[in-house]
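In what follows, a single structure is set out as structure tokens and then discussed.
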Amino acid sequence: MEKLNVGIVGIGAISGIYLDNLTGVFGDRVEVTTVTDLVPERASEAAKKYGARVVASAEELVAAEAVDLVLNLTIPKEHFEVAMMAVRAGKHVYNEKPLCIQREEAAELLAAAEEAGVRVGCSPDTVLGAGIQTCRKLLNDGWIGAPVAATAFMVNHGHESWHPDPEFYYQVGGGPMFDMGPYYLSTLVNLMGPAVRLSGAAKKSFETRTITSEKKHGKVVPVEVPTHVAGTVEFETGAVATVITSFDIWASTLPRIEIYGTEGSMLVPDPNTFGGPVMVRRAGDSEWSQMPLTHDHPVNSRGLGVADMAECIASGDKAMHRANGEIANHVLEIMHGFHDAASSGRYYEMQTKCRRPDPRPMRKVV
Ligand SMILES: NC(=O)c1ccc[n+]([C@@H]2O[C@H](COP(=O)([O-])OP(=O)(O)OC[C@H]3O[C@@H](n4cnc5c(N)ncnc54)[C@H](O)[C@@H]3O)[C@@H](O)[C@H]2O)c1
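Just so you know, the sequence shown maps onto residues 310 to 675 in the numbering used here.
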């Protein structure tokens, strides 16, 4: 296939694994031609290491002839502006999560892309990895019957014990739901389909946080957002999920994601990873069984969503790329919906819909 030329905006913490994978395992589908960052040394170091060209700004990068797709690895509050810049220049764009911060921004971005005839992709692409694709196959094949319910729990005590600059986790756009919700909710939507109605309860258990990581040890940070967000999701299928994301919990034994079907239960692997284990326990079984992984990419394969997008674009037809803006927009609405339901005391009725993307092809057995 003809390779898609990729330009990257934002050469920060997460960019290394993308660069490794896009120039390595996915190098047959994409070519990283151009990079830029507000901190020029970051871009020039990456350019040297990976054989790309540096440009001075995002504006210059989106306009470059050698860029077909803009990979937007900036921080969340920049996602909308950089993505709109790409779309206005007639380029496909793939954002790191969340798609944007506000629902209105996401809607505007998708409408502009549609009008320009370009595609919008968005992480997480962990849902395309071996673990969650195996779950999808087992569900499709009826291993646990029809899903009736699910749980999704992401609980810890925040990131101030290890992250060097953790302030943003406690500011607007942060909090446990917007930080980690995309992994858990994209997984639920991929496996169970779109949501139609939500309930929510949200609270802030601590007015301040004290940083204990090295650089800013002892600094006290005000908490501006809810740090414990609980909710229910009713899916179009009638299944119901219970979701908790929290930065207020020191220790717990909760699983990450479980799906309960009419004929059994499934333990879904950590949705922030690409691999297993996938466990199933069917009605009548006395213990859980670990299932063999049926799909490729069990290790950190960030960039898989971009490679998948490149394949769909190269195929020349209208095939839907899998880590797409439609799903990310739906997930963004769910995250806001929990908070809206919590503050209004009423159910939140979902406005957006999304289609489930096709499963990835199974691993070839040689
Ligand atoms: N760090 C992680 O472990 C991780 C994991 C998964 C997803 N993510 C997501 O990846 C994104 C980036 O996270 P990160 O941890 O790499 O952040 P980071 O702060 O380390 O890197 C962001 C980089 O973008 C650059 N930047 C910001 N605005 C820019 C602009 N307008 N033009 C050019 N460069 C710009 C910054 O200078 C910085 O180098 C976020 O959306 C985050 O949610 C991060």
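Here a beta-carbon is modelled for each residue, glycine too, at the ideal position from N, C-alpha and C. Bear in mind that the values here come from a model prediction, so they are computed numbers and not experimental data.
The continuous alpha helix (DSSP H) containing Thr332 extends over residues Ser324 to Thr332. Contact between the segment 444-463 and the segment 553-571 is present: 3 or more CB-CB pairs across the two stretches fall below 8 Å.
Short note on Leu347: C-beta closer than 6 Å to some heavy atom of ligand 1.
With fewer than 16 other beta carbons inside 10 angstroms of its own, His526 counts as exposed.
Less than 7 Å separates the beta-carbon of Arg506 from that of Glu658. The Cβ neighbour count for Gln599, taken over all protein chains shown within 10 Å, is under 16; the residue is labelled exposed. The bridge partners DSSP lists for Ser653 come to none. The beta carbon of Thr460 is closer than 6 Å to those of Thr551 and Glu567 in its chain, skipping five residues each way along the sequence. The Cβ atoms of Val334 and Ile317 do not sit closer than 7 Å to each other. When C-alpha distances from Glu405 are compared across Glu350, Val429, Val339 and Glu374, the shortest belongs to Val429. CA-CA distance, Pro666 to Asp579, rounds to 20 Å. Contact between Glu413 and Val481 is absent: CB atoms are separated by about 15 Å, not below the 8 Å threshold. Within the model, the alpha-carbon separation for Gly319 versus Glu545 is close to 37 Å. Look at Lys512 here: in three-state DSSP terms it is strand. With fewer than three CB-CB distances shorter than 8 Å, the segment 615-625 does not count as touching the segment 463-480.
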